[in-house]
Amino acid sequence: MKKLFSICCIAVIALLSAFANAANPDPSTLKVALLPDENAATIIKKNKALQDYLEKKLGKKVQLIVTTDYSSMIEAMRHGRLDLAYFGPLSYVLARQKSDIEPFAAVKQKGKTTYQAVLIANTSSGINKIGDIAGKNVAFGDKASTSSHLIPKSMLAEKNLYAGKNYKEHFVGAHDAVAMSVQNGHAQAGGLSKPIYETLVQRGMIKPQKVKVIATSKPFPQYPWTMRSDLNPQLKQKIRTAFLEINDPAVLKPFKAEGFGAVTDKDYNVVRNLGSLLKLDLSKF
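Taking mature numbering (1 follows the signal peptide of the UniProt record, and there is no 0), I'd label the letters of the sequence shown as residues -22 to -1, 1 to 263.
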């Protein structure tokens, strides 16, 4: 009994310690999560310059974290295991429903903190416009992805094409997987981020003779950096300033950015509105 009591006490102490650490408004080590869109080791290696920069600017240790997928990243933020996180627009909206967090900076490209998605098609599929996708197989990325799911699906819905009714949908996990699925003919069409698609073409991974863009979306707010709202106000301001002042190409390169611009929660209402348009229950993502 004494042994069991001791084990229970240790477990309770560990649990309380973990909770206290998660709620710490001024942690000695900041846990910073990055999008799980590549191999974790590769992402962490690519962002070593960001880690070094933040440690120098904030005077704190920085631990880079890559979760297994969007959902686990949302849950980690929900349970206070992260201090900062780089979300996609939709995954931010989903995380915001479950966590007390706030966006403070977003990728800036060509002077704007917006980006676009594209619908692509296999050149042998006979698809030349959105309406031609009726009856075809369509590849999306992660269910919680904005530009490889929510935006392209809304583009289809605007033409009265709905998943399960007018076309078959398949989720393949990542943007590059969408493009490869279309190129290999496993899906006749797909949706993904325009910047990522253009990068895949530039790298030669996607061949223009096999894949073409059939439609481009209107601009949507870029991927936001977010932080726990209960962090120390002075620390929050230092974090905002640090990101808005980034001009080191080595730090910006992994984000394909020229810098970061300020954003607020209301900038992402357009993403919430897309969920309503598609009659999606975002709480189930």
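Using N, Cα and C, we set each Cβ at its ideal position, and we do this for glycine too.
Environment of Asp154 [buried if 16+ CB atoms lie within 10 Å] | Locating residue 154 in the sequence shown gives position 176, counting from the first residue. With 16 or more Cβ atoms within 10 Å of its Cβ, Asp154 is classed as buried.
Taking 8 Å as the threshold, find out whether the segment 195 to 204 comes into contact with the segment 223 to 230 through three or more Cβ pairs.
-> Touching, no.
Among residues of its own chain, excluding the 5 on either side of Ala27, which ones have a beta-carbon nearer than 6 Å to its beta-carbon?
-> As a first step, residue 27 is located in the sequence shown; it is residue number 49 there, counting from the start. Hits under 6 Å: Ala228 and Val229.
Taking the beta strand (DSSP E) that Glu147 falls in, what are its first and last residues?
-> Here the question's residue 147 lines up with position 169 in the sequence shown. Counting along the chain, the beta strand (DSSP E) containing Glu147 begins and ends at Lys146 to Phe149.
Among residues of its own chain, excluding the 5 on either side of Val189, which ones have a beta-carbon nearer than 6 Å to its beta-carbon?
-> On the sequence shown, residue 189 is found 211 positions in, with the first residue counted as 1. Counting only Cβ-Cβ distances below 6 Å, and skipping sequence neighbours, we find Ile98, Val160 and Gln161.
Using alpha carbons as the reference points, say which of Tyr145, Tyr93, Ile52 and Gly37 lies closest to Gly109.
-> What you label residue 109 is simply residue 131 of the sequence shown in a count that begins at 1. Ranking Tyr145, Tyr93, Ile52 and Gly37 by Cα distance to Gly109 puts Tyr145 first.
Beta carbon of Lys24, beta carbon of Glu33: below 8 Å?
-> Residue mapping note: residue 24 aligns to position 46 of the sequence shown, counting from 1. Residue mapping note: residue 33 aligns to position 55 of the sequence shown, counting from 1. In this structure, Lys24 lies away from Glu33, with their beta-carbon atoms at least 8 Å apart.
For Asn115, count neighbouring C-beta atoms within 10 Å of its own C-beta (all shown protein chains included) and say buried if the count is 16 or more, exposed if not.
-> As a first step, residue 115 must be located in the sequence shown, where it is residue number 137. So Asn115 counts as buried.
Integer Cβ distance of Ile105 from Ile192, believed to fall under 8 Å | Mapped onto the sequence shown, residue 105 falls at position 127. Mapped onto the sequence shown, residue 192 falls at position 214. The beta carbons of Ile105 and Ile192 sit about 6 Å from each other, so the pair counts as a contact at 8 Å.
One or two residues paired with Met205 in a DSSP bridge = As a position in the sequence shown, residue 205 is number 227, starting the count at 1. Answer by DSSP bridge pairing, in chain order: Leu62 and Glu80.
How would you call Asp15, buried or exposed, if buried means at least 16 neighbouring beta carbons within 10 angstroms?
-> Working through the sequence shown from its first residue, we reach residue 15 at position 37. Buried is the call here.
Short Cβ contact (8 Å threshold) for Val85 with Tyr175 = Taking the first residue of the sequence shown as position 1, residue 85 is located at position 107. Taking the first residue of the sequence shown as position 1, residue 175 is located at position 197. In this structure, Tyr175 does not lie closer than 8 Å to Val85 by Cβ.
Under 8 Å between the Cβ atoms of Ile217 and Phe82?
-> Reading the sequence shown from its first residue, position 239 is the one you call residue 217. Reading the sequence shown from its first residue, position 104 is the one you call residue 82. Yes, Cβ-Cβ distance for Ile217 and Phe82 is below 8 Å.
Alpha helix (DSSP H) containing Ile174: first to last residue?
-> Against the sequence shown, residue 174 aligns to sequence position 196. Bounds of the alpha helix (DSSP H) holding Ile174 are Lys172 to Gln180.
Secondary structure at Asn251, three-state DSSP: helix, strand or coil?
-> The count along the sequence shown starts at 1 and reaches residue 251 at position 273. Here Asn251 sits in helix by DSSP.
Identify the continuous alpha helix (DSSP H) that holds Lys34 and give its terminal residues.
-> On the sequence shown, residue 34 is found 56 positions in, with the first residue counted as 1. Its alpha helix (DSSP H) spans residues Lys26 to Leu36.
Might you give, ordered along the chain, the residues of its own chain that have their beta carbon closer than 7 Å to the beta carbon of Ala112, omitting 5 neighbours on each side?
-> As a first step, residue 112 is located in the sequence shown; it is residue number 134 there, counting from the start. Excluding sequence neighbours, Ala112 sits near Leu139, Asn144 and Tyr145.
Can you tell me which of the three DSSP states Tyr141 falls into?
-> Working through the sequence shown from its first residue, we reach residue 141 at position 163. A small fix is needed here, since residue 141 is Ala in this sequence, not Tyr. Ala141: strand per DSSP, three-state reduction.
Have a look at Lys137, Gly169 and Gln87 and flag the residue whose alpha-carbon is nearest the alpha-carbon of Gly239.
-> Taking the first residue of the sequence shown as 1, we reach residue 239 at position 261. Of Lys137, Gly169 and Gln87, the residue nearest in Cα terms is Gln87.
Cβ distance (whole Å) where Leu8 is taken to contact Leu36 below 8 Å | As a working note, residue 8 is residue 30 in the sequence shown. As a working note, residue 36 is residue 58 in the sequence shown. That belief holds up - the Cβ atoms of Leu8 and Leu36 are roughly 7 Å apart, short of 8 Å.
Give a single yes or no on whether Met55 has its beta carbon closer than 7 Å to a heavy atom of the ligand COA.
-> As far as ligands go, the structure on display features none, and thus does not contain the ligand COA.
Tell me whether Leu194 sits in a helix, a strand or coil according to DSSP, three-state version.
-> The count along the sequence shown starts at 1 and reaches residue 194 at position 216. Here residue 194 turns out to be Thr, not Leu, going by the sequence shown. Reduced to three states, the DSSP call for Thr194 is strand.
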